[in-house]
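**Q** Counting in the working numbering, the sequence shown runs from 10 upward without gaps. Glycine included, C-beta positions come from ideal geometry on N, C-alpha and C. Quantities reported herein were computed from a predicted structural model and do not represent experimental measurements. Below is the structure I would like to discuss, written out as structure tokens.
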Amino acid sequence: MTLTTAAPILAALGFVAFALTLAIAPARSEPRANAWMFPATLCVAFLGWTLYALANEGIIAIWQEISRSLWSNQIFIDLLLAAGIALAFLVPEARRLGMRPLPWVIATAATGCIGLLGMLARVLFLRARATPAHVP
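Listed below in structure tokens is the structure:
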């Protein structure tokens, strides 16, 4: 199995595990003090994957893939919609916590989930820090 075949399978399995964990985990009234570490780790890992792809295929390949077919268009539009939905939830919380959202919105527009994961990690970090007693 090639890396380009294995990576999407592993990503899909990770997503399913994460989504199911979110769906079945009991609700918490207080944020976990270290909850920010998961999106921060994903951000760094995905940045590494992106830099690897850029080094091997170049920046022009991004647009070539986006405009290659109707399915490529659909996937790109779907990612834009998902990022927009995530920003709709994150920006108000970021403002409430004293963050300036514009740099994060620009980072998300330029890098997709790399910027979004970084913003989520920062929001979770600030939320935990603002909580009177950190919950382990």
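1) Mind checking whether T117 and M108 have CB atoms under 8 Å apart?
2) In whole angstroms, give me the CA-to-CA distance for A21 and A44.
3) Could you pull out every residue in the same chain whose Cβ sits closer than 6 Å to the Cβ of A28, ignoring the five residues on either side in sequence?
4) Our contact map puts C52 next to A103 with C-beta atoms below 8 Å; I'd like the distance itself, whole angstroms only.
5) Name the two residues that bound the continuous alpha helix (DSSP H) containing S76.
**A** Looking at the coordinates:
1) no
2) 21 Å
3) none
4) Going by Cβ atoms, the distance from C52 to A103 rounds to 15 Å, so no, they are not a contact pair.
5) From DSSP, S76 is part of no alpha helix (DSSP H); its letter is neither H nor E.
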